[in-house]
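Counting with the numbering used here, you get residues 10 to 175 for the letters of the sequence shown.
Every residue, glycine too, gets a C-beta built ideally from N, C-alpha and C.
For clarity, every value in this text was computed on a predicted model and none was experimentally measured.
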Amino acid sequence: MKQGNRISETLSTADAKKVVDLLRQAEALLPFLITLQPEESKGLRNIGFDGVPFAQAALDATRADQGFTRRSFDLAEFEKDVALMDSLRGIQAVLGPLAQKVNDTYRLAGADVMVTADDVYEDLRQDNGETAAVQTALQTMKKRYANRLGAAAKAVKAAKATLAAA
Numbered sequence: 010m011k012q013g014n015r016i017s018e019t020l021s022t023a024d025a026k027k028v029v030d031l032l033r034q035a036e037a038l039l040p041f042l043i044t045l046q047p048e049e050s051k052g053l054r055n056i057g058f059d060g061v062p063f064a065q066a067a068l069d070a071t072r073a074d075q076g077f078t079r080r081s082f083d084l085a086e087f088e089k090d091v092a093l094m095d096s097l098r099g100i101q102a103v104l105g106p107l108a109q110k111v112n113d114t115y116r117l118a119g120a121d122v123m124v125t126a127d128d129v130y131e132d133l134r135q136d137n138g139e140t141a142a143v144q145t146a147l148q149t150m151k152k153r154y155a156n157r158l159g160a161a162a163k164a165v166k167a168a169k170a171t172l173a174a175a
């Protein structure tokens with residue numbers, strides 16, 4: 010089902026630059042942030058919803074009496090990690106929904122653009138080259154469908170080859 014023009018807003022170049030600058034300033038305040046590789050991320054223990062009170066209880070217990078802990082236990086490091094987690098949780102609570110809204114709005118605007126661009130493409134194709142000024146744009150637009158049709162043809166050919174081999 011074709012749906013177009015579901016969002017109609019503007020963001021000035023100056024405002025977009027301000028947002029990016031502010032986000033870069035925020036990132037600069039967090040120079041320790043890292044990016045995990047997918048396999049590394051999979052292997053990590055997840056704190057989850059109930060992990061926060063669990064970790065806080067562990068901190069409270071070790072602050073009350075460190076005598077039961079292993080010799081290598083470093084209370085100062087554990088306190089530092091819990092404090093970082095708490096601080097990042099507050100940032101994440103604001104940043105996560107904001108990132109989701111930006112992504113969703115981008116997707117919706119992109120969908121609107123593609124519906125309209127498809128209509129323009131169809132109009133250009135029906136123009137039959139009569140409007141010379143738009144031929145370069147038409148050739149560029151044809152590439153999108155040529156690539157998709159080429160990939161689809163390869164998939165059909167591979168499926169036929171698989172069926173023939175079976």
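Just curious, the alpha helix (DSSP H) that Ser9 is in, first and last residue?
Here the chain covers residues 10 to 175 and nothing more, so residue 9 does not appear.
Pull up the CB-CB distance for Asp121 and Ile16, whole angstroms please, since I reckon it's below 8 angstroms.
6 angstroms
Let me know the secondary structure DSSP gives Ser21 once reduced to three states.
coil
7 angstroms is my cut-off, CB to CB: does Thr140 come that close to chain B?
Absent from the structure is chain B; it holds one protein chain and no more.
Below 8 angstroms CB to CB, which residues in the same chain sit around Glu36 once its five sequence neighbours on both sides are set aside?
Leu42
Which residues in the same chain as Leu97 place their Cβ atom closer than 6 angstroms to its Cβ, once the five residues preceding and following it in sequence are excluded?
none
Ser50 in three-state terms, based on DSSP
helix
For Leu42, the three-state DSSP class (helix, strand or coil)
coil
Nearest-angstrom Cα distance between Asp30 and Gly105?
Cα to Cα, the separation comes out at about 18 angstroms.
Nearest-angstrom Cα distance between Ala70 and Gln101?
27 angstroms
Supposed close pair Leu133, Leu117 - CB separation, criterion 8 angstroms:
Contact flag wrong, Cβ pair sits at about 25 angstroms.
Measure how close the beta-carbons of Gln75 and Leu84 come, nearest whole angstrom, since I'm counting them as under 8 angstroms.
6 angstroms
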